[in-house]
Every structure is written in structure tokens, then in C-alpha cells.
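Student: Just passing along the structure, written as C-alpha cells.
2 protein chains.
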Amino acid sequence: MYKVSFIGSGNVATHLATKLYEAGVHVSQILSVTPAHADALAQKVGAQGISNFDHLDTEYIDALIIAVSDDVLPEISNQLAPTSCIIAHTSGTAALDTFKSHQNHGVFYPLQTFSKNKEINIKATPFCIEGSSNAVASILKSLADVISNRVEYVDSETRKNIHIAAVFACNFSNHMLTIADELLDQSNLNLSILQPLVEETIQKAFSAKPKDVQTGPASRNDKSIMKDHLSRLSSDDLFQSIYKAISHSIIKTKNE
Amino acid sequence: MYKVSFIGSGNVATHLATKLYEAGVHVSQILSVTPAHADALAQKVGAQGISNFDHLDTEYIDALIIAVSDDVLPEISNQLAPTSCIIAHTSGTAALDTFKSHQNHGVFYPLQTFSKNKEINIKATPFCIEGSSNAVASILKSLADVISNRVEYVDSETRKNIHIAAVFACNFSNHMLTIADELLDQSNLNLSILQPLVEETIQKAFSAKPKDVQTGPASRNDKSIMKDHLSRLSSDDLFQSIYKAISHSIIKTKNE
Numbered sequence: 091m092y093k094v095s096f097i098g099s100g101n102v103a104t105h106l107a108t109k110l111y112e113a114g115v116h117v118s119q120i121l122s123v124t125p126a127h128a129d130a131l132a133q134k135v136g137a138q139g140i141s142n143f144d145h146l147d148t149e150y151i152d153a154l155i156i157a158v159s160d161d162v163l164p165e166i167s168n169q170l171a172p173t174s175c176i177i178a179h180t181s182g183t184a185a186l187d188t189f190k191s192h193q194n195h196g197v198f199y200p201l202q203t204f205s206k207n208k209e210i211n212i213k214a215t216p217f218c219i220e221g222s223s224n225a226v227a228s229i230l231k232s233l234a235d236v237i238s239n240r241v242e243y244v245d246s247e248t249r250k251n252i253h254i255a256a257v258f259a260c261n262f263s264n265h266m267l268t269i270a271d272e273l274l275d276q277s278n279l280n281l282s283i284l285q286p287l288v289e290e291t292i293q294k295a296f297s298a299k300p301k302d303v304q305t306g307p308a309s310r311n312d313k314s315i316m317k318d319h320l321s322r323l324s325s326d327d328l329f330q331s332i333y334k335a336i337s338h339s340i341i342k343t344k345n346e
Numbered sequence: 091m092y093k094v095s096f097i098g099s100g101n102v103a104t105h106l107a108t109k110l111y112e113a114g115v116h117v118s119q120i121l122s123v124t125p126a127h128a129d130a131l132a133q134k135v136g137a138q139g140i141s142n143f144d145h146l147d148t149e150y151i152d153a154l155i156i157a158v159s160d161d162v163l164p165e166i167s168n169q170l171a172p173t174s175c176i177i178a179h180t181s182g183t184a185a186l187d188t189f190k191s192h193q194n195h196g197v198f199y200p201l202q203t204f205s206k207n208k209e210i211n212i213k214a215t216p217f218c219i220e221g222s223s224n225a226v227a228s229i230l231k232s233l234a235d236v237i238s239n240r241v242e243y244v245d246s247e248t249r250k251n252i253h254i255a256a257v258f259a260c261n262f263s264n265h266m267l268t269i270a271d272e273l274l275d276q277s278n279l280n281l282s283i284l285q286p287l288v289e290e291t292i293q294k295a296f297s298a299k300p301k302d303v304q305t306g307p308a309s310r311n312d313k314s315i316m317k318d319h320l321s322r323l324s325s326d327d328l329f330q331s332i333y334k335a336i337s338h339s340i341i342k343t344k345n346e
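Chains as they are written, first to last, in our numbering: chain A, 91 to 346; chain B, 91 to 346.
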């Protein structure tokens with residue numbers, strides 16, 4: 091069975107280490123600059139918690155998984171002693187060559203948002219795998235296959251396109267809910283009133299093409315309702331400009 | 091038990107008539123300009139299908155529910171013979187007074203998106219009720235209570251605010267998925283790769299405040315990634331302007 095270690099003890103490291111451990115992968119060490127964090131995760135997965143790079147032992151592991159924020163990846167690359175072990179980061183945006191100074195490097199990117207105390211269906215989570223060589227990619231894919239049914243080889247260029255798509259589909263959809271929440275708050279209503287409608291909308295979008303199930307005033311090009319909505323949003327320039335830009339795009343998509 | 095009739099035989103009329111019928115409400119007549127449509131729905135709910143306003147009998151029913159597109163509501167109001175029966179429309183945007191020429195009128199608005207062959211959890215669907223008098227509102231509320239656990243009195247002004255919020259939360263989120271679909275298509279990828287991430291994002295947004303669980307480059311104010319994304323969107327002015335407007339709004343919300 092595979093042996094892995096982790097750098098990082100945040101949400102991504104915690105979910106991945108736990109799921110790999112539960113699936114029978116040997117988790118050797120957890121390195122975190124905060125000793126208590128390293129120990130807490132290490133204890134969950136039968137590993138050794140460490141907080142010093144000198145104590146990292148990469149000789150007997152198949153992969154060292156780096157699950158930290160993008161901005162500290164270069165620093166970690168510098169601190170790592172030379173090793174033939176696979177160094178794989180979990181970032182959606184960092185390039186494959188972030189760890190190019192290490193012989194075997196790759197990407198082990200779960201396309202999911204992880205929260206501290208919330209269980210994730212890891213089997214359904216797509217993993218995007220890339221490697222400095224076919225052999226590296228193949229080992230990382232086999233490792234991901236242990237916990238997920240949706241593992242794909244994805245090059246850095248494609249991974250960046252997936253990331254932009256995810257920004258629209260997830261980050262921006264979440265902001266649409268933030269705006270809805272603020273508008274409802276002005277009427278002393280709670281966002282939960284829209285939950286059944288939003289859930290049904292998302293289900294529908296994935297059961298067809300979202301383009302084909304678009305509804306609403308822009309989709310019908312109902313100018314009088316759009317005009318009324320814009321006048322009601324007049325106290326907020328940004329909400330108005332978002333309303334205009336998206337409505338414009340919906341009308342254009344409809345006419346294509 | 092209540093007795094109702096419907097004008098309309100589309101998705102909203104079909105779901106409401108069926109659910110009311112299944113809950114024991116007597117559905118008397120279904121009026122649709124297309125006789126075959128009227129008959130098809132009438133047969134499902136033990137009603138009489140008609141296509142002529144002269145055959146409409148409002149004497150022995152509690153409410154006539156008008157489930158048609160907003161733009162034909164005024165015409166229907168003109169065609170209806172005077173009656174003391176409650177005339178209630180199902181629109182999120184049409185004003186209460188659309189049927190003001192009829193003594194008892196109201197709004198019976200289900201906050202949900204209905205599709206032809208897709209079952210809806212009607213118990214969880216919020217209904218917004220309004221009436222020309224307290225007595226009218228009270229009867230419409232009791233009628234909605236038969237099929238839903240989430241019935242609320244909502245005045246026309248508040249209903250309009252809910253509708254704008256729904257445009258952002260549903261119509262605009264759906265368009266975010268349309269854009270993601272198009273971007274993934276350029277890499278020969280299917281939108282389904284984002285389904286676990288989107289579903290988790292929506293769940294998270296409703297389990298907290300969406301503002302508090304916002305993630306992504308704009309949320310971190312990561313200028314280099316946003317710049318990279320904008321350059322990758324350079325072939326589409328509208329996608330670029332949407333990206334800029336929403337990112338700007340996320341950054342502003344974060345700093346509030």
C-alpha cells in the first residue's frame with residue numbers, strides 16, 4: 091500500500107489525509123509550522139506530527155503532498171531538501187513547475203471546497219492529476235483512485251481553464267446569493283425563503299444545459315421588468331452594473 | 091373542503107392543480123384556450139376541461155386561480171364576468187390590483203420553478219399570499235396551507251423585492267453556470283466536473299451567510315490571478331465585464 095506524508099494541516103490536508111488513511115494508505119508524517127496543528131491531524135491518521143523541515147523523512151514514502159496556500163509554495167520548495175520522492179501540490183492554480191527544482195513533482199488537485207467540520211463525498215470529488223513524468227502522473231493517479239471515482243489527467247493549461255470556470259460557477263454564484271441575501275434583508279426577510287428555488291435551479295441546470303433552462307426577465311427580454319428592477323437597485327451602483335452586465339449577456343446568449 | 095378552478099394548463103397550473111387535488115381539494119374546472127390542454131389536465135384532477143369563458147362557473151367555487159404568463163393577465167381580467175369568487179393570480183411580479191375590477195382578488199404565488207415532468211417538494215415550497223381584504227388573504231392562506239408548510243403573507247412591494255433577489259440568486263446563478271459550461275467546452279470538458287463543487291458551495295451558502303463563506307481570487311484580493319483570468323477572457327467583452335463587476339463587488343463586500 092502507498093505511503094504518504096503531508097505538509098499542511100488545514101482543511102484540504104485534513105480531509106485528504108483522513109480519507110487516504112481510512113482507505114488504508116499509510117500516512118507517515120504531518121508537517122505544520124504550528125506543532126499543535128501538526129499533532130492534532132497526525133493523531134487522527136496514525137502519523138507523526140512535526141514542525142521542523144529537518145525532521146521530514148522522505149526516504150520511505152511514495153509522495154509528499156503539499157496542501158498549503160499558493161503564496162507559500164515557493165518558500166516550501168526552497169526549504170525542502172533534495173529528494174527523489176514525488177512532491178505534489180493540491181492547488182488549482184499553481185503551475186506544475188512550482189516544484190521543478192525537485193526531480194519528481196506533480197499536481198494532486200481535488201476540485202472541491204473543504205470546510206472544517208463538514209463531511210465531503212470524496213468518491214464523487216474529481217481529482218486533477220499532472221506529473222513531471224508519466225511515471226509520476228501514474229502513481230499520483232493510482233493514489234487518487236484509492237479515494238475517488240473521478241480521477242483525470244489534466245495539464246496545467248486546462249487546469250487554469252477549469253479554475254476560471256469554477257470562479258464563475260462557484261465563487262460568483264455565491265456572490266449572487268450574497269446580493270440576494272442583502273436585498274431580502276432590506277425587506278426583513280431571510281435568504282432561506284429562496285432555498286427551494288435555488289436548489290431546484292441548480293439541479294435543473296445540471297440535468298440539462300444551463301443555457302437551455304435559463305428563465306427570468308432577461309431571458310424573456312422583458313424590458314419593463316428589467317427597467318423596474320434597475321430603478322429599485324439605484325442606491326447601489328455595483329449591483330446595478332452587475333444586473334446590467336449579466337442581463338445583457340443572457341440576452342446575447344439567447345440570441346445566439 | 092375547498093373548491094377551486096384554474097385558468098391555465100402550463101407547468102404552474104399543472105403542479106398546483108395536481109397537488110391540491112391529491113391533498114383533497116375539489117378541482118372543478120380547467121380553462122385553457124387549447125381544448126386538448128384543458129382536457130389533459132382536467133382528466134388528471136377529476137375536473138371539467140373547458141376552453142370558453144362562457145362555460146366558466148364561478149358560483150360554487152372558493153377561488154379561481156389564474157396561472158398564465160403575466161402579459162395575458164389584463165386580457166383575462168377583461169374577459170372574466172363579474173363574480174364574488176376570489177380571483178388569484180400566481181405571478182411573482184404582477185401587482186395585487188391586476189384584477190381590481192373584481193371584488194375579491196389576491197395573489198397565490200409559489201416561490202419555485204416548475205418543469206413539466208419533474209416532481210417538486212411542494213411542502214417545502216414557500217407561498218406568498220396577498221388579498222384585497224383580510225378575509226380573502228385568509229382563505230388563500232388556508233388553501234396554500236393544505237399543500238405547503240411555508241405560507242406567508244407578503245405585500246406586493248415585498249413580493250417585488252423577493253423577485254429581484256430571486257433574479258440574482260437563481261436566474262443569474264444559472265447564467266454563471268452557462269458561462270462556466272462555455273469555458274469548459276473550449277477545453278473539451280463537461281460542466282459535470284464542477285457539479286460536486288457547485289452543490290457543496292450552495293449547501294455551504296445556505297448553512298451560513300453566503301457573505302461569510304465567499305472564497306476565490308476576488309475574496310483574497312489576489313490581483314495576479316484576477317489579471318491572468320481577465321487576459322484569458324479577452325476574447326469575450328461581456329464575460330470580462332461580468333468578471334470585473336462581480337469581483338469588484340466581492341472585494342467591496344469583503345471590506346465592509
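For glycine and all other residues, C-beta sits at the position ideal for the given N, C-alpha and C. Since the structure is predicted, the reported quantities are computational estimates derived from the model, not experimental observations.
(1) For Ser118 (chain A) and Ala137 (chain A), which I take to be in contact (beta-carbon distance under 8 Å), what is that distance rounded to the nearest angstrom?
(2) Do we get a CB-CB distance below 8 Å when we pair Ala270 (chain A) with the residues of chain B?
(3) Would you kindly work out how many angstroms separate the C-alpha atoms of Glu289 (chain B) and Ile292 (chain A), rounded to a whole number?
(4) In chain B, which residues lie less than 8 Å from Phe217 (chain A) when you measure between Cβ atoms?
(5) So, does the CB of Phe198 (chain A) fall closer than 8 Å to a CB anywhere in chain B?
(6) Strictly by DSSP, which residues pair up with Lys344 (chain B)?
(7) Which residue or residues does DSSP assign as beta-bridge partners of His145 (chain A)?
(8) Considering only heavy atoms of the ligand NAD, does any lie closer than 7 Å to the CB of Leu279 (chain A)?
(9) Give every residue of the same chain whose Cβ lies closer than 8 Å to the Cβ of His319 (chain B), excluding the five residues on either side of it in the sequence, and list them in chain order.
(10) At a Cβ threshold of 8 Å, is Ile140 (chain B) touching chain A?
(11) List, in chain order, every chain A residue whose beta-carbon is nearer than 7 Å to that of Lys342 (chain B).
(12) With 16 other CB atoms within 10 Å as the buried threshold, where does Gln304 (chain A) fall?
(13) Provide the residue span of the alpha helix (DSSP H) that contains Ile252 (chain B), from first to last.
(14) Report the rounded CA-to-CA distance for Ala178 (chain A) versus Ile155 (chain A), giving the unit in angstroms.
(15) Report the rounded CA-to-CA distance for Phe217 (chain B) versus Ala259 (chain A), giving the unit in angstroms.
(16) Taking Cβ-Cβ distances shorter than 7 Å, what residues in chain B pair up with Ser205 (chain A)?
(17) From the DSSP output, read off the bridge partner residues of Ala153 (chain B).
(18) Are there three or more Cβ pairs, one per stretch, closer than 8 Å when the region 156-173 of chain A is compared with the region 191-201 of chain A?
(19) Have a look at the DSSP bridge pairing and note the partners of Gln119 (chain A).
(20) Below 8 Å, how does it come out for the region 98-114 of chain A and the region 194-208 of chain A: are there three or more Cβ pairs, yes or no?
(21) Any contact of the region 262-277 of chain A with the region 325-344 of chain B, i.e. 3+ C-beta pairs under 8 Å?
(22) Tell me which residues share the same chain as Ala132 (chain A) and place their Cβ nearer than 7 Å to its Cβ, disregarding the 5 neighbours each side in the sequence.
(23) Beta-carbon separation of Ile237 (chain B) and Phe329 (chain B) under 8 Å?
(24) Tell me, please, whether the CB atom of Lys301 (chain A) is closer than 8 Å to any CB atom in chain B?
(25) Round the Cβ separation of Asn142 (chain B) and Gln276 (chain A) to the nearest angstrom and send it over; I've been treating them as touching at under 8 Å.
(26) Are the C-beta atoms of Gly306 (chain A) and some chain B residue less than 8 Å apart?
(27) Does His338 (chain A) come out as helix, strand or coil in the three-state DSSP assignment?
(28) Does the distance from the CB of Ile151 (chain B) to the CB of Lys93 (chain B) come in under 8 Å?
(29) For a contact defined as C-beta to C-beta under 8 Å, what are the partners of Glu289 (chain A) on chain B?
Tutor: Here's the rundown:
(1) Right, their Cβ atoms sit about 6 Å apart.
(2) yes
(3) 8 Å
(4) Those do not exist, as Phe217 (chain A) stays about 11 Å from chain B at its closest Cβ, beyond 8 Å.
(5) no
(6) Within the DSSP bridge table, the entry for Lys344 (chain B) names no partner.
(7) For His145 (chain A), no pairing in a beta bridge is given by DSSP.
(8) Because no ligand of any kind appears in the structure shown, any question about the ligand NAD cannot be addressed here.
(9) Pro307 and Tyr333
(10) no
(11) Leu328
(12) By the neighbour-count definition (other C-beta atoms within 10 Å, threshold 16), Gln304 (chain A) is a buried residue.
(13) Element bounds for Ile252 (chain B): Ser246 to Ala256.
(14) Computed Cα separation, rounded: 5 Å.
(15) 28 Å
(16) Those within 7 Å of Ser205 (chain A) in chain B are Lys294.
(17) B:Val94 and B:Ile176
(18) yes
(19) A:Gln138
(20) Of all C-beta pairs linking the region 98-114 of chain A to the region 194-208 of chain A, three or more are shorter than 8 Å, placing the two stretches in contact.
(21) yes
(22) If we look at Ala132 (chain A) and ignore the five residues flanking it on each side, its Cβ neighbours are Ile120, Gln138 and Gly139.
(23) no
(24) yes
(25) Going by Cβ atoms, the distance from Asn142 (chain B) to Gln276 (chain A) rounds to 45 Å, so no, they are not a contact pair.
(26) yes
(27) helix
(28) Yes. Within cutoff.
(29) Ile292
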